[in-house]
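Q:
2 protein chains.
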Amino acid sequence: MEFTEILGLVAGTLTSAASVPQIVKTTKQKKAAGISPFMFIVLLTGNALWVYYGFRRSDIPIIATNVVALALDTTMLALKWKYN
Amino acid sequence: MEFTEILGLVAGTLTSAASVPQIVKTTKQKKAAGISPFMFIVLLTGNALWVYYGFRRSDIPIIATNVVALALDTTMLALKWKYN
Numbered sequence: 001m002e003f004t005e006i007l008g009l010v011a012g013t014l015t016s017a018a019s020v021p022q023i024v025k026t027t028k029q030k031k032a033a034g035i036s037p038f039m040f041i042v043l044l045t046g047n048a049l050w051v052y053y054g055f056r057r058s059d060i061p062i063i064a065t066n067v068v069a070l071a072l073d074t075t076m077l078a079l080k081w082k083y084n
Numbered sequence: 001m002e003f004t005e006i007l008g009l010v011a012g013t014l015t016s017a018a019s020v021p022q023i024v025k026t027t028k029q030k031k032a033a034g035i036s037p038f039m040f041i042v043l044l045t046g047n048a049l050w051v052y053y054g055f056r057r058s059d060i061p062i063i064a065t066n067v068v069a070l071a072l073d074t075t076m077l078a079l080k081w082k083y084n
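Chains A and B, in that order, are what the protein sequence lines are. Under the UniProt record's numbering, the residue at position 82 of the first sequence is numbered 82, and the numbers go up by one with no gaps. Under the UniProt record's numbering, the residue at position 18 of the second sequence is numbered 18, and the numbers go up by one with no gaps.
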């Protein structure tokens, strides 16, 4: 794997990991009042378009990062409905 | 501008826009207790690496999106310190 690809995977891991604390906090506190579902739908749409963009560019780091981000966003939306 | 580039810019606009409500809310409520600065530093690092990745790939949508994201993250961190 070449340097640029590793760089992209590290960048993607960091930007995806940054949303994990919010998910952990929501699960622990069983509270999701402060989270706007509209924001997560915007985020989901954006991440889905990035996955499509990644396929058009055959860019593994973009595809991998945004598939993970999609899963995290979907988890967050599910928590929002569960604890709303 | 070809379709793929437009697709990337739209995706980037959505994923960056998704963090704006949090900034507006923090500014209005003048409260930033619930926000972990560690998360924003992880996000900042990730976005900075994505900018570098974008340059290595000469990928305008990735560069543009992550420069905007960097600005939004920095704003959020500044609000965190101001209203902490």
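All C-beta atoms in this analysis are idealised placements derived from N, C-alpha and C, irrespective of residue type, glycine included.
Which class does E5/B belong to by DSSP, given the choice of helix, strand or coil?
A: helix
Q: Do the CB positions of I23/A and T75/A come within less than 7 Å of each other?
A: Cβ atoms of I23/A and T75/A: closer than 7 Å.
Q: Return the residues of the stretch 42 to 58 of chain A that lie within a Cβ-Cβ distance of less than 7 Å from chain B, sorted by chain order.
A: Going along the stretch 42 to 58 of chain A in chain order, one finds V42, L43, T45, G46, N47, L49, W50, Y52, Y53, R56 and R57 with a Cβ nearer than 7 Å to chain B.
Q: Give me the Cα-Cα distance between L44/A and G12/B, rounded to the nearest whole angstrom.
A: 12 Å
Q: Is it true that the CB of I63/B sits closer than 7 Å to the CB of V51/B?
A: yes
Q: Along the chain, where does the alpha helix (DSSP H) containing K28/A start, and where does it finish?
A: V20 to Q29
Q: At what residues does the alpha helix (DSSP H) containing N84/A begin and finish?
A: Per DSSP, N84/A belongs to no alpha helix (DSSP H) and is neither H nor E.
Q: Under 7 Å between C-beta atoms, does P21/A make it to chain B?
A: yes
Q: Flag M76/B as yes if its beta-carbon sits less than 7 Å from any beta-carbon of chain A, otherwise no.
A: no
Q: Does the separation of the CB atoms of Y83/B and L7/A fall below 7 Å?
A: no
Q: Taking a Cβ distance cut-off of 7 Å, strictly less, list which residues of the stretch 1 to 32 of chain A are near chain B, in chain order.
A: Within the stretch 1 to 32 of chain A, the residues whose Cβ lies closer than 7 Å to any Cβ of chain B are, in chain order, T4, L7, G8, V10, A11, L14, T15, A17, A18 and P21.
Q: Just the Cα atoms here: how many angstroms apart are E2/B and Q29/A?
A: 46 Å
Q: Would you tell me roughly how many angstroms separate the C-alpha atoms of L72/A and P21/A, rounded to the nearest one?
A: 11 Å
Q: Is the separation between the beta-carbon of N47/B and that of L14/B shorter than 7 Å?
A: no
Q: Nearest to A18/A by alpha carbon, out of V10/B, R57/B and F38/B?
A: F38/B
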